[in-house]
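Number of protein chains: 2
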Amino acid sequence: MEAEIISVGTELLLGQISNTNAQYLGEQLAALGIGLHHIVTVGDNKRRLKTSLRAAWERADILILTGGLGPTQDDMTKETVAEFLNLELILDSASLKTIRCFFSRRGRHMTDNNIKQALLPKGGIALPNPNGTAPGVWLEYKDKIVVILPGPPFELQPMFENHVIPRLVNLLGDKHTVIKSRIVKLYGIGESQAEEIVKDLVASINPTLASYAKPTEIQYRLTAKAASDTEANNLLYNLEQKLQARLGQYIFARDEETMQEIVGRLLKKHNLTLAVAESCTGGLVANWLTNVPGSSRYFKGGVVSYSNQLKTTLLQVPTEMLHRHGAVSKEVAEAMAAGIRSITQADIGGAVTGIAGPGGGTSEKPVGLVYVAVASNTGVYSRCYQWHGVREIIKQRAAQALLNLIRQHLLEK
Amino acid sequence: MEAEIISVGTELLLGQISNTNAQYLGEQLAALGIGLHHIVTVGDNKRRLKTSLRAAWERADILILTGGLGPTQDDMTKETVAEFLNLELILDSASLKTIRCFFSRRGRHMTDNNIKQALLPKGGIALPNPNGTAPGVWLEYKDKIVVILPGPPFELQPMFENHVIPRLVNLLGDKHTVIKSRIVKLYGIGESQAEEIVKDLVASINPTLASYAKPTEIQYRLTAKAASDTEANNLLYNLEQKLQARLGQYIFARDEETMQEIVGRLLKKHNLTLAVAESCTGGLVANWLTNVPGSSRYFKGGVVSYSNQLKTTLLQVPTEMLHRHGAVSKEVAEAMAAGIRSITQADIGGAVTGIAGPGGGTSEKPVGLVYVAVASNTGVYSRCYQWHGVREIIKQRAAQALLNLIRQHLLEK
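As given, the protein sequences belong to chains A and B, one line each in that order. If you read the first sequence in the working numbering, its first letter stands for residue 134, the second for the next number, and so on. If you read the second sequence in the working numbering, its first letter stands for residue 134, the second for the next number, and so on.
(1) Which residues in chain A have a C-beta closer than 9 Å to the C-beta of V175 (chain B)? List them in chain order.
(2) Closer than 8 Å, CB to CB, is K433 (chain A) near chain B or not?
(3) Note down the Cα distance separating R181 (chain A) from T341 (chain B), rounded to an integer number of angstroms.
(4) Looking at Y431 (chain B): is its Cβ nearer than 8 Å to the Cβ of K401 (chain B)?
(5) Using the Cα positions of A479 (chain A) and I473 (chain A), report the straight-line distance between them to the nearest angstrom.
(6) Classify Y514 (chain A) as helix, strand or coil using the three-state DSSP reduction.
(7) Provide the residue span of the beta strand (DSSP E) that contains K347 (chain A), from first to last.
(8) Please classify P254 (chain B): is it buried, with 16 or more other beta-carbons within 10 angstroms of its beta-carbon, or exposed?
(9) Which residue wins for smallest C-alpha separation from A164 (chain B), given the options B:D362, B:E324 and B:Q149?
(10) How about H542 (chain A): is its C-beta nearer than 8 Å to some C-beta of chain B?
(11) Under three-state DSSP, which class holds R430 (chain A)?
(12) Scan the region 319 to 391 of chain A and note each continuous alpha helix (DSSP H) run of 4 residues or more that stays entirely inside, going in chain order.
(13) Relative to the C-alpha of A460 (chain A), which candidate in A:A489, A:Q161, A:G306 and A:E212 has its C-alpha closest?
(14) With a CB to CB cut of under 8 Å and the five nearest residues on each side skipped, what residues in its chain are close to E324 (chain A)?
(15) State the Cα-Cα distance for the pair K183 (chain A) and G257 (chain A), rounded to the nearest angstrom.
(16) Can you tell me whether F287 (chain B) is buried or exposed? The criterion is at least 16 other CB atoms within 10 Å of its CB, across all chains shown.
(17) In whole angstroms, what is the alpha-carbon distance linking V175 (chain B) and T391 (chain B)?
(18) Quick one: list the residues of chain A neighbouring L165 (chain B), beta-carbon separation under 8 Å, in chain order.
(19) Determine whether the beta carbon atoms of L282 (chain B) and L169 (chain B) lie at a separation below 8 Å.
(20) With distances taken from CA atoms, which of B:G269, B:R192 and B:Q206 is nearest A227 (chain B)?
(21) Between the region 273 to 290 of chain B and chain A, which residues of the former have CB atoms less than 8 Å from a CB of the latter, in chain order?
(22) Any idea which residues DSSP pairs K313 (chain A) with across the strands?
(23) In this structure, does DSSP put H242 (chain B) in helix, strand or coil?
(24) In three-state DSSP terms, what is I167 (chain B)?
(25) The alpha helix (DSSP H) with K528 (chain A) in it runs from where to where?
(26) Using a threshold of 8 Å, state whether the C-beta atoms of K465 (chain B) and K433 (chain B) are closer than that.
(27) Taking the runs of the alpha helix (DSSP H) that are 4 residues or longer, which of them lie wholly in the region 194 to 230 of chain B?
(28) Give the straight-line distance between the Cα atoms of A267 (chain A) and G381 (chain A), rounded to the nearest whole angstrom.
(29) Run down chain A in chain order and give the residues with a C-beta less than 7 Å from the C-beta of Y439 (chain B).
(30) For W271 (chain A), which of helix, strand or coil comes out of DSSP?
(31) Are the region 482 to 496 of chain B and the region 406 to 414 of chain B touching, with three or more C-beta to C-beta distances below 8 Å?
(32) Using only alpha-carbon positions, find the residue among B:F293, B:V302 and B:F236 that is nearest to I167 (chain B).
(33) Rounded to whole angstroms, how far is the Cβ of H403 (chain B) from the Cβ of V173 (chain A), which I believe are closer than 8 Å?
(34) V437 (chain A): buried (16+ other C-beta within 10 angstroms of its C-beta) or exposed?
(35) Taking Cβ to Cβ, would you say D207 (chain A) is nearer than 8 Å to D177 (chain A)?
(36) For E328 (chain A), go through chain B and note every residue whose CB falls closer than 9 Å to its CB, in chain order.
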């Protein structure tokens, strides 16, 4: 089973946006064991899109088109597909109803150009789009599958996962070799350092092991190819055991799990609450924690003490301590953690203070110097880090370091 | 003058890395006024690469290939180009010398497979690569230009800027046209509603106007093609004036500017300080504000009052008010804004409370209901929104809504 991706959009050719949809779909297709040999990007141009459709039609079984489903004139993907296949466009009343609701729910006026978003090539099935007005299309025609998806990633991804993958899986039936993939996430070790430890595993052909360094963690992608789920899972299990044995102390999560989900799960398990005091991360830790649905059950909230004034007035950090040690210090980090814990009556108080840059660094306290601290009924302690990188990267590393310190604290319970 | 990009690499098809080179090159070509109508991604496969070369050879004057210049067996771009054009590969002794130096400088042993990196299709010119071992290739053959560049962006970009752009410019000679682009960002109007107002401008060929909807804003991309910078800038200026006249009330930023940068600039201009109280956004507003370097000058910080307890203890929201109106209400939003302003002594207090979902919604207070409020020395007021979408999208829309309310407040000063 062979797929081809056709990304439609002049903004992609002009380099105004990056084609993240192609990467996302490539990853998803690989996980399904569906071959992908061509990704083609064309602009909002009927003639060139038709030429690309013709080429793809000859070499692929599944054509996946992204972009060009908007209400505007330059959005013409569905129209061009319909012309290419000599299918008329038919108004899908259900989709039109959904679009009308989309606007009325927002108390916004629906303009006529939105009506065309409810048009489908004859025989096509509308794929729901909870995050936008344009439905996707699933079209089975002459032994081929044509899938049309909206351009915005936050519309495309849930649509693909909820409405395309299930159809593809049941299309593949038995005749597919399973490709199963798992991600193992490490914190506290460098990529090359880890590489040395698993060199031999990285060299193996099946299952494969590939590392990917993110600013806040190292990800290992384990991928196994086999005739059955069980077989693939066994290959993955055995490889993961080896990783566990060699790098276990650094592994904190698997697959889609994030550090904040792990922290949340541990808090629920021990029935504990958390509050955080943030200086250099400026709310990023709280933001990550509250991205987890249901986090209100264990996360009380926090204080972003960006100014020294708030450190003293809200977090009860002694002014004298700020003067003697400075805002970026072990003492202040620990006082912030104890302070947020006492004013929120949370079981655990976390704190982070540092210099995110680009300004504010000195020779003895350079940009990238960060202290994270945890306070609990057993006392308060902290760790110091020195990173390099731009402001947002240092914020992310600092946030992850605090979450990891909290995680380790909870694991000792 | 027409270019085509062929990105070579199985890792691109598997979605293991994003094709940032294509975006970079698209941007560069647009700036040079060189047309780009196709970007094709193929794996490390000779047959398919040849097919892509054939198609590109028919429709483009300049073929730009990226990736597949490494020392390993699956790196075969130069070999395939040579075969496709029936040119032999010739060892470039200068390049070989450079590669040897590259290794000796790093005290590393050069393995034989690196020798093949010094091979060039006959007639090709080696493009120096200070950041890696693989030289690029500039080949003029039968009225076509073939450019071969290494995959790693930090090798490709300097090579393109220092050795390809000068050659392209002098190739273009006089017929060199400039393409200039500008982005105008709108808040508070839907894409299709805006489209109705600027239909005629979207239909124009030069300059072009294209819209792109993000969860938190609408972006209009103005692109002008002309013989000179001045001419292009004039076209952009005139189009922007028309947009300003028709949609000015919704325009909040241009080009790379973000809502939080605009808010920061206005705060500095009026020499005012800001603090925020966040419920459903969970720190996202503070995080965005502190992504701006130098924000500590005007941003005092804030409180993430995720639990009702913190709303009363830290933000001084009356318990009775919470009981009567609920945490997600006009009254509580305004009380939070007044509360954060008074406890931080900031000039302006911003607040947001809502239901991000997926849980917590009721029939009268559904998921996506959000109140934002601003408090200042002139009093406090709020706005109510009802959005749809997943948790993180609602958080982003709520954060942007608060920042916009603060921006509008500052504009009235």
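Using N, Cα and C, we set each Cβ at its ideal position, and we do this for glycine too. Please read all numbers here as calculations on a predicted model, not as lab measurements.
The structure says:
(1) Here residue 175 (chain B) corresponds to residue number 42 of the second sequence, with the count starting at 1. Within chain A, the residues near V175 (chain B) are H170, H171 and I172.
(2) Translated into the one-based positions of the first sequence, residue 433 (chain A) becomes position 300. So, interface residue.
(3) Counted from its first residue, the first sequence places residue 181 (chain A) at position 48. Counted from its first residue, the second sequence places residue 341 (chain B) at position 208. Whole-angstrom Cα-Cα distance: 19 Å.
(4) Counted from its first residue, the second sequence places residue 431 (chain B) at position 298. Counted from its first residue, the second sequence places residue 401 (chain B) at position 268. Taking 8 Å as the Cβ cut-off, Y431 (chain B) and K401 (chain B) qualify as a contacting pair.
(5) In the first sequence, residue 479 (chain A) corresponds to position 346, counting from 1. In the first sequence, residue 473 (chain A) corresponds to position 340, counting from 1. Those two C-alpha atoms are separated by around 8 Å.
(6) Taking the first residue of the first sequence as position 1, residue 514 (chain A) is located at position 381. In this structure, Y514 (chain A) counts as strand in the three-state DSSP scheme.
(7) Locating residue 347 (chain A) in the first sequence gives position 214, where the first residue counts as 1. Unbroken beta strand (DSSP E) run through K347 (chain A): T341 to K347.
(8) In the second sequence, counting from the first residue as 1, residue 254 (chain B) sits at position 121. Under this definition P254 (chain B) is a buried residue.
(9) Within the second sequence, the letter at position 31 stands for residue 164 (chain B). Answer by Cα proximity: B:D362.
(10) The residue labelled residue 542 (chain A) in the question sits at position 409 within the first sequence. Not one chain B Cβ lies under 8 Å of H542 (chain A).
(11) Taking the first sequence and counting its residues from 1, the one referred to as residue 430 (chain A) is at position 297. R430 (chain A) falls in the helix class under three-state DSSP.
(12) 324 to 336 and 362 to 380
(13) Against the first sequence, residue 460 (chain A) aligns to sequence position 327. Of the listed residues, the one whose Cα sits closest to A460 (chain A) is A:A489.
(14) As a working note, residue 324 (chain A) is residue 191 in the first sequence. Excluding residues within five positions, the ones whose Cβ falls inside 8 Å are S344, A346 and I351.
(15) Looking up residue 183 (chain A) in the first sequence gives position 50. Looking up residue 257 (chain A) in the first sequence gives position 124. Each residue's alpha carbon lies about 18 Å from the other.
(16) Taking the second sequence and counting its residues from 1, the one referred to as residue 287 (chain B) is at position 154. F287 (chain B) is exposed by the Cβ-count criterion.
(17) Here residue 175 (chain B) corresponds to residue number 42 of the second sequence, with the count starting at 1. Here residue 391 (chain B) corresponds to residue number 258 of the second sequence, with the count starting at 1. Their backbone Cα atoms lie some 36 Å apart in a straight line.
(18) Numbered from its first residue, the second sequence carries residue 165 (chain B) at position 32. Those within 8 Å of L165 (chain B) in chain A number zero; the least Cβ separation is about 12 Å.
(19) Residue mapping note: residue 282 (chain B) aligns to position 149 of the second sequence, counting from 1. Residue mapping note: residue 169 (chain B) aligns to position 36 of the second sequence, counting from 1. No; because the gap between Cβ atoms is not below 8 Å, this pair is not in contact.
(20) Residue 227 (chain B) sits at position 94 when you count from the first residue of the second sequence. Residue B:G269 is the option with its Cα nearest to A227 (chain B).
(21) none
(22) The residue you call residue 313 (chain A) lines up with position 180 of the first sequence. DSSP, once it has assigned bridges, lists A:A357 as partnering K313 (chain A).
(23) On the second sequence, residue 242 (chain B) is found 109 positions in, with the first residue counted as 1. Note: H242 (chain B) maps to coil in three-state DSSP.
(24) Working through the second sequence from its first residue, we reach residue 167 (chain B) at position 34. I167 (chain B) falls in the coil class under three-state DSSP.
(25) Position 395 of the first sequence, counted from the first residue, corresponds to residue 528 (chain A). It spans R524 to L544 - the alpha helix (DSSP H) in which K528 (chain A) sits, taken as one unbroken run.
(26) Here residue 465 (chain B) refers to the residue found at position 332 of the second sequence. Here residue 433 (chain B) refers to the residue found at position 300 of the second sequence. In the sequence on display, residue 465 (chain B) carries Val and not Lys. No.
(27) 210 to 217
(28) Translated into the one-based positions of the first sequence, residue 267 (chain A) becomes position 134. Translated into the one-based positions of the first sequence, residue 381 (chain A) becomes position 248. Each residue's alpha carbon lies about 45 Å from the other.
(29) Here residue 439 (chain B) corresponds to residue number 306 of the second sequence, with the count starting at 1. In chain order: T423, S429, F432, K433 and G434.
(30) Against the first sequence, residue 271 (chain A) aligns to sequence position 138. Residue state, collapsed to three classes: strand.
(31) yes
(32) Numbered from 1 along the second sequence, position 34 holds the residue referred to as residue 167 (chain B). I167 (chain B) has its Cα closest to that of B:V302, out of B:F293, B:V302 and B:F236.
(33) Indexing the second sequence from 1 puts residue 403 (chain B) at position 270. Indexing the first sequence from 1 puts residue 173 (chain A) at position 40. H403 (chain B) to V173 (chain A), Cβ: 51 Å. No contact.
(34) Mapped onto the first sequence, residue 437 (chain A) falls at position 304. Buried, because 16 or more other Cβ atoms sit within 10 Å of the Cβ of V437 (chain A).
(35) For the purposes of this step, residue 207 (chain A) is identified with residue 74 of the first sequence, where counting begins at 1. For the purposes of this step, residue 177 (chain A) is identified with residue 44 of the first sequence, where counting begins at 1. The answer is yes: Cβ separation under 8 Å.
(36) Residue numbering aside, residue 328 (chain A) sits at position 195 when the first sequence is read from its first letter. Under the 9 Å cutoff, chain B gives no residues; its nearest Cβ is about 16 Å from E328 (chain A).
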